[in-house]
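Q:
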């Protein structure tokens, strides 16, 4: 389940969402931005939308938001880095085509399976920090709200794609 969520979150950066006045628009109309600057803009728009969503669903106070989101963003950055490293290793093996050795495949496979453990380790580290900011109810709801955000994001992407 964690891998699926990570994949969906990674995919969430393949399409833009912009929150303005409670209305969502997609500046790139579902197409992948070509420039690094556009991808950064995308990333920031999705992050801001996620902040708004989490704040609303978890009923975070302004004080909680100010303390929580920098930590939350740092956790997501750590998880994204771990996933990017694994995807880079996979890409390298694919680029070797028929020249990849058994050792290349073994190392890439090991990294793919170990990424889950690394994500859990990161999540557990931040769980302790989050529990100092969020109440018990908010802590309980957090993972479910993250999944809901991802589902909503994927649903919006599908609607754009089907237009």
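In my numbering, the protein residues as written are 5 to 167.
No residue lacks a Cβ here, since even glycine has one placed at the ideal position from N, Cα and C.
Note down the Cα distance separating residue 165 from residue 158, rounded to an integer number of angstroms.
A: One C-alpha to the other measures close to 10 Å.
Q: Where does residue 149 sit, in a helix, a strand or coil, going by DSSP?
A: Three-state DSSP puts residue 149 in a helix.
Q: For residue 57, which residues from the same chain have a beta carbon less than 7 Å from its beta carbon, with the 5 sequence-adjacent residues on both sides left out?
A: Around residue 57: 153.
Q: Suppose the cutoff is 7 Å on Cβ atoms and the five residues either side in sequence are ignored; what does the same chain contact list for residue 149 look like?
A: These residues qualify, in order along the chain: 58, 61 and 62.
Q: Curious, which full-length alpha helix (DSSP H) runs of at least 4 residues does the region 56-116 contain?
A: Runs of the alpha helix (DSSP H) inside the region 56-116: 66-100.
Q: If I measure Cβ to Cβ from residue 68 and keep anything under 6 Å in the same chain, skipping five residues before and after, which residues do I get?
A: Closer than 6 Å at Cβ, skipping near neighbours: 137.
Q: Sorted by chain position, which residues of the same chain lie with C-beta nearer than 6 Å to residue 1's C-beta, five sequence neighbours on each side aside?
A: Summary: the structure shown does not reach residue 1, with the chain confined to residues 5 through 167, and so no result is reported for it.
Q: The ligand PLP and residue 162: does the residue's C-beta get closer than 7 Å to at least one heavy atom of that ligand?
A: You won't find the ligand PLP in this model; it holds no ligand whatsoever.
Q: Please list, in chain order, all residues of the same chain as residue 131 whose beta carbon is under 8 Å from its beta carbon, the five residues on each side excluded.
A: Closer than 8 Å at Cβ, skipping near neighbours: 143.
Q: Under a Cβ-count criterion, where at least 16 other Cβ atoms within 10 Å of its own Cβ denotes burial, should residue 123 be classed as buried or exposed?
A: Classification of residue 123: buried, given that the 10 Å Cβ count is 16 or more.
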